[in-house]
Amino acid sequence: MMKRGKREVSVLAGVLPSNLDRRGERRAGCVLAAVSLAGLAISAVWHVLTAPGTVNASSTMVLVGVAALWMPLVYWVFPRRSSDPALVVLYYLGFLALATALSPRGDGFAVFASVGYPLAFGLLTPRMSFFGVAATAILPMIARGGTDGPTWVTLVSVAAPLLYAGWVVGSESEKRRRSNAQLEEANAKLEAALEENAGLHAQLLSQARETGVLDERQRMAGEIHDTIAQGLAGIITQLQAAERSDGDPERRQRHLANVHALARENLTEARRSVRALRPERLADSRLPDAMAELGRTWTDTSGTPVKVEVTGDPRPLLPDLEVTLYRVAQEALTNAGKHAKATRVALTLSYVDDLVMLDVRDDGVGFTPAANGTPSDSGGFGLSGMRQRVQRVAGTLAIESAPGEGTTINAQLPAITTANGEPS
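FYI, my numbering numbers position 315 of the sequence shown as 316, with every residue one higher than the one before it.
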């Protein structure tokens, strides 16, 4: 396809197509050259057959010879009609001079003059082509008819409307050409914008995949800590207690039974975590019941009494909210038994209007919370994990503690219930 700005080309009611490529331009140039030479040949033969031995026959043949050399140049001029319009006009003026000079020498040369019509539409701009058509019609007529009064009246009567119509049609054609050029420019900008949007879309997809990978890594890290790490810590505690019970076989057997139970439970939890399932205790029961069971299990395995209390109107929450509260309670109990050396723990689950709150208080040794909440080397990864879990569900986590005064962990989450009011 030719570049934007190439004008339409039509010869004899559309013989030549618009928007020609290089090969098409060569073919169109050949067509115009062939039409021109054919018109000249027909005129010359007609003249020889109908007016042999006329006056100025030799000069007529000279003009025919000049025309025979001039007309094939259209093959070279046609491809340059856009890049060199002055050359096109010069060529067309040369044709008009030859047609005007030959027209009064015989009626047959009217055929050669008519070649100016396809040349005008093929070479000139839409507006200029009508001036070319008018000149092709008028100049040979003047050369043949003289300058008497009736002839000039006829010429003016014909030429004036023709020139006005040509000007109007040419103006409209030029407007249409500019509109098409603007449309092509807009389409080009649109295509560029679509390509840019496609690149941005691909970039967003890549970032979304990276974000998903990071989120999954964080989720798995938290699940491993909340299941496998805590389970192993409980198993170690029970094995140590069993070693200290060599003199009491019944007590030793109870601790070993707890080891087996913890191993089976944490193996199940690990498998559920990999499949992104809810903790087993939450799968078939509501959060308050799961918290009560967690407190009983922790009391049995750790020997530290846990008091579980539920206040407000319990209602089913979104699964992510219940899992978050359950994991926070797990981590808080683990810290109370492993680091705080607590002798009593109180766990309170409160449903208040549009909030649900979890408070875990122990009477352990306490500690000085880091100003930025950064976990310590002694197991604080759990605190960081708790905070991340709570923040992911638009909640807040507060830790209050001081050396010798125990620790209180408070988590507040939005109380968003499930759609059907049933556990999910």
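Where a beta carbon is used, it is the ideal one built from N, C-alpha and C, also for glycine.
All values derive from a computational prediction rather than experimental measurement.
Would you call T418 buried or exposed, if buried means 16 or more other Cβ atoms sit within 10 Å of its Cβ?
-> exposed
With 16 as the cutoff for other CB atoms within 10 Å, does R410 come out buried or exposed?
-> A quick correction: the sequence has Ile, not Arg, at residue 410. Buried.
Beta-carbon contacts of R253 that lie in its chain and below 6 Å, excluding the five residues immediately before and after | A243, S246
With 16 as the cutoff for other CB atoms within 10 Å, does G338 come out buried or exposed?
-> buried
Closer than 8 Å by C-beta to T300: which residues in its own chain qualify, once you throw out the five before and the five after it? Chain order, please.
-> P306, V307
Going by the beta-carbon positions, is the gap between S37 and M72 smaller than 9 Å?
-> yes
Inter-residue spacing [alpha-carbon to alpha-carbon] between A416 and E185 = 56 Å
Looking at C-alpha atoms only, which residue of F368, Q331, T344, S180 is the closest neighbour of N267?
-> Q331
Confirm, please, whether the CB-CB distance from V134 to G117 is below 9 Å.
-> yes
Buried or exposed: which applies to M62, given that a residue is buried once 16 or more other Cβ atoms fall within 10 Å of its Cβ?
-> exposed
Specify whether the stretch 360-371 and the stretch 315-326 touch according to this definition: at least 3 beta carbon pairs, one from each stretch, less than 8 Å apart.
-> no
Give the secondary structure of G313 by DSSP, where H, G and I count as helix, E and B as strand, and everything else as coil.
-> strand
Could you check where the alpha helix (DSSP H) with D290 kicks off and where it finishes?
-> 288-303
Would you give the residue range spanned by the alpha helix (DSSP H) that V63 belongs to?
-> 58-71
Count the other CB atoms, across all protein chains shown, that sit within 10 Å of the CB of E406; report buried if there are 16 or more and exposed otherwise.
-> exposed
Contact set for E323: own chain, Cβ-Cβ below 7 Å, skip 5 residues either direction = L283, L288
Closest by C-alpha distance to A39, when choosing among F113, L64, R27, P80 | F113
Are the beta-carbon atoms of S174 and L103 separated by less than 9 Å?
-> no
Rounded to whole angstroms, what's the CA-CA distance from A58 to E26? Just pull it up for me.
-> 37 Å
Going by C-alpha distance, which of R24, G107, G123 is nearest V75?
-> G123
If you draw a straight line from the C-alpha of L70 to the C-alpha of S83, how long is it?
-> 23 Å
Put P86 into one of helix, strand or coil per three-state DSSP.
-> helix
Going by C-alpha distance, which of F79, T51, A98, G304 is nearest V67?
-> A98
Start and end residues, beta strand (DSSP E) containing P415 | 408-415
Spatially closest choice to T325 from S303, M387, A234, W77, by CA coordinates | M387
For S351, write down the residues that DSSP places opposite it in a beta bridge.
-> T312, M358
What residues are listed by DSSP as bridge partners for L318?
-> T418
Where N373 falls: helix, strand or coil (DSSP) = Bear in mind that a pLDDT of 40 at N373, under 50, signals an unreliable position, so the number given afterwards is only what the model happens to contain. In this structure, N373 counts as coil in the three-state DSSP scheme.
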